[in-house]
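Report on the following structure.
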Amino acid sequence: MAKIKGSHSTRPRKNPRYNHAAKAQRLRREKEKQRRSNEKADSDATFLDQEPIERSNEKTDADAIFLDQESIQRTHSKAVEDQKEFSETFVSDQISQHFKISSDLPNLCTEVSKELKDNIPPNELFLCNMTHVIEQAKALEAHKYNCSFGGKLIFQKIIRCGLHVVFHYVCSNVLCRVKATVSSDTEKKTLNQLAVLGALATGSGFSQEEEKFSVMNVQYMSKEKFACSEKIASGIVDNCAQEKLLEAINEEKRLAQIRGDVDADGFHCITVIVDGGWCKRSYGHGYNASSGVSVIIGMLTQKILFIGVRNKVCLICLSISKGRTKERKHACWKNWNGSSTAMESDAIVEGLLYLESTHGIRCTRMIGDGDSNTIIKCKERVSYGGRILKVECANHA
27 MAKIKGSHST
37 RPRKNPRYNH
47 AAKAQRLRRE
57 KEKQRRSNEK
67 ADSDATFLDQ
77 EPIERSNEKT
87 DADAIFLDQE
97 SIQRTHSKAV
107 EDQKEFSETF
117 VSDQISQHFK
127 ISSDLPNLCT
137 EVSKELKDNI
147 PPNELFLCNM
157 THVIEQAKAL
167 EAHKYNCSFG
177 GKLIFQKIIR
187 CGLHVVFHYV
197 CSNVLCRVKA
207 TVSSDTEKKT
217 LNQLAVLGAL
227 ATGSGFSQEE
237 EKFSVMNVQY
247 MSKEKFACSE
257 KIASGIVDNC
267 AQEKLLEAIN
277 EEKRLAQIRG
287 DVDADGFHCI
297 TVIVDGGWCK
307 RSYGHGYNAS
317 SGVSVIIGML
327 TQKILFIGVR
337 NKVCLICLSI
347 SKGRTKERKH
357 ACWKNWNGSS
367 TAMESDAIVE
377 GLLYLESTHG
387 IRCTRMIGDG
397 DSNTIIKCKE
407 RVSYGGRILK
417 VECANHA
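Each residue of the sequence shown is one higher than the one before, counting from 27 in my numbering.
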């Protein structure tokens, strides 16, 4: 590559024809711009040179007919605008009397209504009870034949409450104004609670579910609605679990009564299987989880009689102690301050005391793993601990 004489630059030299071509292109652009400017000026001058058209004041028969048609057209347009204005005023929730009355009520649903333009429903997917929707659609279609003013139900707005959707329809005739709704399910809260319960059962949370439903083009519930549904669903599941535990306990008592396994104090003696655990990792740091669980299972029924949970940390209490959030009332699940290894034995002892004091059951035969700490705690803290026979499970890993 040649260098320019007297210079240390290694930049290549441009072709001499380059400057000529660029200059010619620039001149062509300037001429084109000047030509367009002249054409615009000529057109403006031509328009200004035209003589103004004078309207004759003499009225002919044709003018009268034209004026009558114009007057009719103005009257018709004004009537249409008045009808449209009345319709919009009537269906507006912000100025209707129903909205003024319901505005004083608490906001029971975190989702808001959405009025769409052109009376067209949103183009997206919804979860619905198809049988319920078909029955409501039949009622919408029947109004077209039953309306005294010849109107039909048209889409007005949509109201969402999580996955539950309600479509609102109103009659197109202003003299009728019959309203109707089409909901996605018979009950408002069932679909949201089942969706949250399914998410918790599969180990996913709000973010995972929102991403999954977005792929299906289904609008998911808000984060606040998810938390509210989770709280309600957890209470329902807890009540259902307590009922099942009570049924299993009564069944174990009945079987013990049949075989005559009742001691001198009147307590039913049964055989149980006990076990517990907590998450543990050993990737060089010996991690022990802050939560643990233990269960007591009836030997004959193979059903759970007691569930004990131990938590060393409450995230809300931890956030309050560090000053991240303000102190407030909350459901605190922290119930353990000891080590993670002692969670299993403590929860099992709690279960034995609960069965004895509440249901009159003594677990005199206990099948478990080789953990000797559990049987030691039972003998120390349970009144009949000396009578408990420990049987080690041969299949326990």
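We put the beta carbon where it would ideally sit given N, CA and C, even for glycine.
| Query | Result |
| --- | --- |
| Counting C-beta neighbours from all protein chains within 10 Å, is the total for T157 16 or more, i.e. buried, or is it exposed? | exposed |
| Which of the three DSSP states, helix, strand or coil, is assigned to M392? | strand |
| In terms of DSSP beta bridges, what is G318 paired with? | W304, R336 |
| Can you tell me the Cα-Cα spacing of N64 and K57, whole angstroms? | 11 Å |
| Give me the residue from S366, A47, M392, C187 with the minimum Cα distance to M325. | M392 |
| Go through its chain and collect everything with a Cβ distance to H385's Cβ below 6 Å, but skip five positions before and after it. | I275 |
| What are the start and end residues of the alpha helix (DSSP H) that includes V159? | 156–172 |
| Within the continuous beta strand (DSSP E) that includes T400, where are the two ends? | Where T400 is concerned, there is no enclosing beta strand (DSSP E), although the alpha helix (DSSP H) it sits in stretches over 398–407. |
| List the DSSP bridge partners of Y195. | F181, A206 |
| Count the other CB atoms within 10 Å of the CB of N361; is the residue buried (16 or more) or exposed (fewer)? | exposed |
| So, for N133: in the same chain, excluding its five sequence neighbours on each side, which residues have a beta-carbon less than 6 Å away from its beta-carbon? | Its pLDDT being 43, under 50, N133 is placed unreliably by the model, and nothing is read from it. |
| Would you report the Cα separation of A105 and I146, rounded to the nearest angstrom? | Its pLDDT being 48, under 50, A105 is placed unreliably in this model, and the coordinates cannot settle the point. |
| If you compare alpha carbons, which of L223, Y410, E235 is closest to H294? | Y410 |
| Just how far apart, CA to CA, sit S255 and Y246? | 13 Å |
| What separation, rounded to the nearest whole angstrom, lies between the Cα atoms of K405 and N337? | 24 Å |
| Could you give the C-beta distance for S174 and C202, rounded to a whole number, given that I count them as a contact under 8 Å? | 7 Å |
| What do you get for Y171, buried or exposed, if any count of 16 or more other CB atoms within 10 angstroms of its CB means buried? | exposed |
| Checking 8 Å against the spacing of the C-beta atoms, do F252 and S210 come in under that value? | no |
| Would G334 pass as a contact of S320 if the rule is Cβ separation under 8 Å? | yes |
| According to DSSP, H190 sits in a beta bridge with which residue or residues? | C187 |
| With burial defined as no fewer than 16 other Cβ atoms inside 10 Å of the residue's Cβ, what is the status of Q219: buried or exposed? | buried |
| Where does K126 sit, in a helix, a strand or coil, going by DSSP? | With a pLDDT of 37 at K126, under the threshold of 50, the predicted position of this residue should be treated as unreliable, though the coordinate-derived value follows. DSSP places K126 in helix when its eight states are reduced to three. |
| What does a CB cutoff of less than 6 Å around G377 pick up in its chain, not counting 5 residues either side in sequence? | I322, F332, G334 |
| Can you list, in chain order, the residues of its chain whose CB lies under 6 Å from that of A315, leaving out five sequence neighbours each side? | W304, C305 |
| Measure from the alpha carbon of N149 to the alpha carbon of each residue in V244, G396, T212, K205, then state which is nearest. | V244 |
| Need the endpoints of the beta strand (DSSP E) that E150 sits in, please. | It is not in any beta strand (DSSP E) - E150 carries neither H nor E in the DSSP assignment. |
| For D301 versus G229, is the C-beta distance shorter than 8 Å? | no |
| With burial defined as no fewer than 16 other Cβ atoms inside 10 Å of the residue's Cβ, what is the status of K279: buried or exposed? | buried |
| Give a yes or no on whether the C-beta atoms belonging to I387 and L381 are separated by under 8 Å. | yes |
| For G188, does the count of other Cβ atoms within 10 angstroms reach 16, so buried, or fall short, so exposed? | buried |
| With K214 and H194 assumed to form a contact (beta carbons below 8 Å), what rounded beta-carbon distance in angstroms separates them? | With a Cβ gap of about 15 Å, K214 and H194 do not count as contacting. |
| Cα separation between L74 and R61? | With a pLDDT of only 46 at L74, under the threshold of 50, the placement of this residue in the model should not be trusted, and no figure is reported. |
| Provide the residue span of the alpha helix (DSSP H) that contains E382, from first to last. | 369–385 |
| Under 8 Å, do E269 and T327 count as touching if we go by C-beta distance? | no |
| Within its chain, find whatever has a CB closer than 8 Å to the CB of A368; leave out the 5 residues flanking it on each side and keep chain order. | N399 |
| What's the C-alpha gap between A163 and K183? | 16 Å |
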